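Residue numbers (the working numbering), protein chains in the order written: chain A, 457 to 777; chain B, 457 to 777.
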């Protein structure tokens, strides 16, 4: 039993869901950006959101409509006594960017509540709480952002035939693996992007795709960059979603020509990620992707390089009572 | 340079294609049964089949219509001079059983020719020759039997977006992994079984399936039997093919109840395999599967246990010139 706390602050990283070949089954955490949530003990039960920064005033302050609020409340419900918290959220992950911002907020909230009340929730329990928050944002509680934001690294989400809870498997991350990311300043609505997907897909494409997910896992375990490169293909979501993102084809071509192992939409976009063997390669790739984006779209974008992060959400500050 | 040979005999093992979750992308080799091919130098060019045993007289002796003959000829074409061989085939793998018999014949023929003429073909070259033979049998040259018969072990076949040749990846095989196999004496025509498959499948099932192939690979690398168990699911081929195989549902239930990690059709059947942690478990599983089959189908079947074989095709005899 550690000393009781007055407040705890957690940071949870942005994530790249799908990772080209693994629609709805793969996600990876990057070092930055990240969301931060501070929770402090309050006299009234439940969650009160006392401040949000970095959202341009767009996120709801009502706890039951806010991803972090709902996730924090789900974690509080694990305590028998009626506890309450004041919550402040600092958005580092841009809104509706395809970088798992709502998942990062939800995960940070749960991790902070867990620490504040010394709950020692398991990763699976924390994930379940975070997904309750995610449901508010996406209308569809899927773990491909929340799981990597919580666990860190490269994560597989799979569900056996009669299993009720998704199974989270941490995959090895080769040293140095990095993402180049460009983000045109347009917004993609996740629910709308999901609506673009067909209800059924050609068997032939599906077979190719499950060969790719298997190949990517084998490539990560054996650090076989050629196999990873060969596996980073998306025949399913990318073709129907890429039109919503300016200059997608030119950016992807630039990334691959500059040495990226693969390039696709991050989640449903608009962020585009390129997975690279090292930060050095990613820096070059990022420059070429930026040029391609600027040439067709103008300067209204941002671009950065981030290592794949073996670490997930973590406590960055705690204040004793 | 080794001493010239008069003849060479190769053995190539039976295989289980698909392995539940990996339709068209996974295959594994078992220790037995196996096909054997002997090739001896002949004065006339090309391939002359001088004998076939174990086929009940059903396989063609014409080299250009015989899987082993076509594969041997493809390998002979790699030599500049016009060489010829006499070929004898001994079938250990039952015909049309779903255990990769035609692939085993083709692989054994190529490996024997390679040795006889000291060709030192690469595995990829040998696979290409074997697939020319497979085309005669299946009308569809797919590597999910030939690759594991040649390479041994557990094999992933994947093809990148712009790649012309399938990529073969050997996956680790946990020590002791074994199959229980029952085979009702009915025949399933591979081409007809393929025709039962739909042209398209629900996206939701496809997503589950590529989570399973990824999960199986991760489970093999980490020797996580629970993850392997959770991943051995086939939502695609098994549901539309199982009706062709007597008592399938009862056999599968018996296998899983007796401790198998997974159970499905081997290739397109009629053989049914159950993957087990050890030969001991597989022996019990095999007994329960046999009972279930006998109860509904009577005694017209065979059943056996075989370890997953880390070794593929090999030379078992060579006679100096």
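Yeah, the Cβ is synthetic: ideal placement off N, Cα and C, and Gly gets one too.
Since this is a predicted model, take the numbers as computed values, not measurements.
- In chain order, 477, 668, 671, 672 and 675 place their CB closer than 7 angstroms to the CB of residue 687(B), counting only its own chain and leaving out the 5 sequence neighbours on each side.
- The Cβ of residue 580(B) sits no closer than 8 angstroms to any Cβ of chain A.
- Every alpha helix (DSSP H) stretch that sits fully inside the region 571-622 of chain B and reaches 4 residues is listed by chain position as 579-594 and 599-607.
- Inter-residue distance for residue 755(A) and residue 743(A) is about 13 angstroms (C-alpha atoms, whole angstroms).
- Here residue 613(A) is buried: its Cβ has 16 or more other Cβ atoms, across all protein chains shown, within 10 Å.
- Ranked by Cα distance from residue 608(B), the options 775(B), 749(B), 768(B) and 773(B) are led by 768(B).
- Interface annotation, residue 481(B): in contact with chain A, CB-CB separation under 8 angstroms.
- Residue pairing from DSSP places residue 542(B) in a beta bridge opposite 496(B) and 504(B).
- In this structure, the alpha-carbon of residue 600(A) lies about 9 angstroms from that of residue 559(A).
- Cβ neighbours of residue 653(B) within its own chain (closer than 7 angstroms, five residues either side excluded): 693 and 696.
- Rounded to the nearest whole angstrom, the C-alpha separation of residue 488(B) and residue 734(B) is 16 angstroms.
- Rounded to whole angstroms, the gap between the alpha carbons of residue 464(A) and residue 629(B) is 45 angstroms.
- Annotation for residue 682(B): the continuous alpha helix (DSSP H) segment containing it runs 681-687.
- In the three-state reduction of the DSSP assignment, residue 736(B) falls in the helix class.
- Linking residue 740(A) to residue 485(A) through their CA atoms gives a straight-line distance of about 21 angstroms.
- About 23 angstroms separates the beta carbons of residue 517(A) and residue 535(A), which is beyond the 8 angstroms limit, so they are not a contact pair.
- Judged by beta-carbon spacing, residue 482(A) lies beyond the 8 angstroms limit of residue 635(A), meaning their Cβ atoms are not closer than that value.
- For residue 655(A), the C-beta contacts it makes with chain B under 9 angstroms involve 658, 659 and 660, in order along the chain.
- Contact of residue 721(A) with chain B is not assigned, every C-beta pair being separated by 8 angstroms or more.
- Look at residue 536(B) here: in three-state DSSP terms it is coil, with no helix or strand label.
- Shown here, residue 703(B) sits in coil according to DSSP, grouped into three states, outside any helix or strand.
- By the rule that beta-carbons nearer than 8 angstroms mark a contact, residue 471(B) does not touch chain A.
- Judged by DSSP in its simplified three-state form, residue 695(B) adopts helix.
- For residue 663(A), the enclosing alpha helix (DSSP H) covers residues 659-678.
- 581(B) is the residue among 554(B), 500(B) and 581(B) whose C-alpha sits nearest the C-alpha of residue 531(B).
- Residue 561(B) and residue 724(A) have their C-alpha atoms some 47 angstroms from each other.
- Leaving aside the five residues that flank residue 772(A) on each side, the residues in its chain whose CB is nearer than 6 angstroms to its CB run, in chain order, 465 and 467.
- Per DSSP, the beta bridge partners of residue 656(B) are 658(A).
- Note on geometry: alpha-carbon atoms of residue 655(A) and residue 719(A) lie some 24 angstroms from one another.
- Per DSSP, the continuous beta strand (DSSP E) segment holding residue 461(B) begins and ends at 461-473.
- Under the three-pair Cβ rule at 8 angstroms, the region 493-500 of chain A counts as touching the region 565-575 of chain A.
- Rounded to whole angstroms, the gap between the alpha carbons of residue 571(B) and residue 543(B) is 14 angstroms.
- Going by DSSP, residue 773(B) is part of the beta strand (DSSP E) stretching over 770-776.
- Looking only at 547(A), 533(A) and 574(A), the smallest Cα-Cα distance to residue 515(A) is reached by 547(A).
- Listed by position along chain A, the residues whose Cβ is nearer than 8 angstroms to that of residue 613(B) are 667.
- With fewer than 16 other CB atoms across the displayed protein chains lying within 10 angstroms of its CB, residue 578(A) is exposed.
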